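Structure first, then comments.
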Amino acid sequence: MRTALRCAMRVGVLITALCVTGAYAADLPKVLSLDEAIRLAIERNPLIQAARSEIVMSEGDMVTASKRLNPAFTFQSANYPYFQSNGGPFFSNQELTARVDYEIQTRGRRKLRTEAARRAVEAQKSLYEDRVRQLRLEVQRAYYQVVLARSNLKVAKAVLGQTDQVIELNRVRYRQGEISELELTRVEVERLRFVDDVFQSELALKNAKATLLALLNADDLGADFDVIGELPVSDP
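In our numbering, each residue carries its 1-based index in the sequence shown increased by 4.
In structure tokens:
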């Protein structure tokens, strides 16, 4: 009975933790640091919350295991003619049985049970710490992917801007007869590649942000935010 109750409690905790998903709507900061991202991910992750609750329940099991077992009292009634019109006196016409069961345990057995419960607590704590460690690594990886994607977008926009300047200069030179129309067209066609680079960089940044937001258990994976940190970028 006790085992079934603990299992039901664990299932209830897990369902409650999963229901928390989506409870964080618009409370993300506009500028997100790495430490803050890790903190939010740990606070909001349903598996982390479930593991934390498992620790609390395991600690309760350890306290219960260290105590003596309670006696069990049962009361049974048999052979009473319930379906007869005249069943006779209630207490005189049936068999009543009262029983008290109490399991006598030696101190060594209770000590072993307590030790097993203590090790179960340690196992739950190790599981919790491992999940936190894995989540921290995932958030760090996703965060720096956002930093990298943002830097790539800046480079792509800078290259496109410089290309536009070159095209404008070549148009002046073309009007002055210094270059041919073919040379001008070649540069203008080359610009399309840099435009596509900007588009791909913008898409990569959106995807990187969505990945990080998913780890933060955010409702809107398209929410806009910025991160702190820059990658060293040389002039294109």
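A virtual CB, placed ideally from N, CA and C, is assigned to each residue, including glycine. These numbers come from a predicted model, not from an experiment.
* Would you tell me roughly how many angstroms separate the C-alpha atoms of S70 and T215, rounded to the nearest one? => Along the sequence shown, one-based indexing puts residue 70 at 66. Along the sequence shown, one-based indexing puts residue 215 at 211. Just so you know, the alpha carbons of S70 and T215 end up roughly 46 Å apart.
* Identify every residue that forms a DSSP beta bridge with Q80. => Numbered from its first residue, the sequence shown carries residue 80 at position 76. Answer is T101, bridged to Q80.
* From the DSSP output, which residues share a beta bridge with L157? -> As a working mapping, residue 157 is identified with position 153 in the sequence shown. The partner list for L157 (beta bridge, DSSP) is empty, contrary to what the question assumes.
* To do: On a CA-only basis, which of V125, Q138, V191 and T78 is nearest A45? Give me that one, please.
  => The count along the sequence shown starts at 1 and reaches residue 45 at position 41. Minimum Cα-Cα distance from A45 among the listed residues V125, Q138, V191 and T78 corresponds to Q138.
* Got a sec, what are the start and stop residues for the alpha helix (DSSP H) G64 sits in? -> By one-based count along the sequence shown, residue 64 stands at place 60. P50 to A69 is the span of the alpha helix (DSSP H), which, as asked, contains G64.
* Hey, could you find the ends of the alpha helix (DSSP H) A214 is sitting in? => Within the sequence shown, numbered from 1, the residue matching residue 214 stands at position 210. Start and end: E185 to L219.
* Is L36 helix, strand or coil when you go by DSSP? -> By one-based count along the sequence shown, residue 36 stands at place 32. Here L36 sits in strand by DSSP.
* Hey, how far is the Cα of K213 from the Cα of V150? -> Counted from its first residue, the sequence shown places residue 213 at position 209. Counted from its first residue, the sequence shown places residue 150 at position 146. The alpha-carbon atoms of K213 and V150 are separated by roughly 6 Å.
* May I have the straight-line CA-CA distance separating I232 from Q166, to the nearest angstrom? => In the sequence shown, the residue the question calls residue 232 occupies position 228. In the sequence shown, the residue the question calls residue 166 occupies position 162. If you draw a straight line from the Cα of I232 to the Cα of Q166, it comes to about 26 Å.
* **Member of R48, A127 and L196 whose CA lies at the smallest distance from the CA of N221** => Stepping through the sequence shown from its first residue, residue 221 is reached at position 217. Measuring from the Cα of N221, the nearest candidate turns out to be R48.
* To do: Keeping to the same chain, check which residues put their C-beta closer than 7 Å to that of Y148; ignore five residues upstream and five downstream.
  => In the sequence shown, counting from the first residue as 1, residue 148 sits at position 144. Hits under 7 Å: none found.
* Apply the 10 Å Cβ neighbour rule to E133 and answer buried if 16 or more other Cβ atoms are within range, or exposed otherwise. => Stepping through the sequence shown from its first residue, residue 133 is reached at position 129. The residue in question, E133, is exposed, as its Cβ has fewer than 16 Cβ neighbours within 10 Å.
* Asked: How would you call R246, buried or exposed, if buried means at least 16 neighbouring beta carbons within 10 angstroms?
  -> Because the chain here runs from 5 to 240, residue 246 falls outside it and cannot be looked at.
* Asked: How is D134 classed by DSSP in three states: helix, strand or coil?
  -> On the sequence shown, residue 134 is found 130 positions in, with the first residue counted as 1. The DSSP-derived three-state label of D134 is helix.
* Asked: Cβ of L116 less than 7 Å from any chain B Cβ?
  -> Absent from the structure: chain B. Only one protein chain is present.
* Whole angstroms is fine: what's the gap from L100's alpha carbon to P75's? => Translated into the one-based positions of the sequence shown, residue 100 becomes position 96. Translated into the one-based positions of the sequence shown, residue 75 becomes position 71. Spanning the two alpha carbons is a distance of roughly 20 Å.
* Classify D230 as helix, strand or coil using the three-state DSSP reduction. => As a working mapping, residue 230 is identified with position 226 in the sequence shown. Strand, per DSSP.
* **Three-state class that DSSP yields for E182 in the structure shown** => Position 178 of the sequence shown, counted from the start, is the residue given in the question as residue 182. Reduced to three states, the DSSP call for E182 is coil.
* To do: Measure how close the beta-carbons of I143 and I42 come, nearest whole angstrom, since I'm counting them as under 8 Å.
  => The sequence position of residue 143 within the sequence shown is 139, counting from 1. The sequence position of residue 42 within the sequence shown is 38, counting from 1. The question names Ile, yet the displayed sequence has Val at residue 143. Right, the Cβ-Cβ distance comes to about 5 Å (below 8 Å), so this counts as a contact.
* Inter-residue spacing [alpha-carbon to alpha-carbon] between N156 and V125 -> In the sequence shown, the residue the question calls residue 156 occupies position 152. In the sequence shown, the residue the question calls residue 125 occupies position 121. Distance between the alpha carbons of N156 and V125: 46 Å.
* Near the ligand ATP: D201 beta-carbon under 6 Å from a heavy atom -> With respect to the ligand ATP, the structure offers nothing, as it holds no ligand at all.
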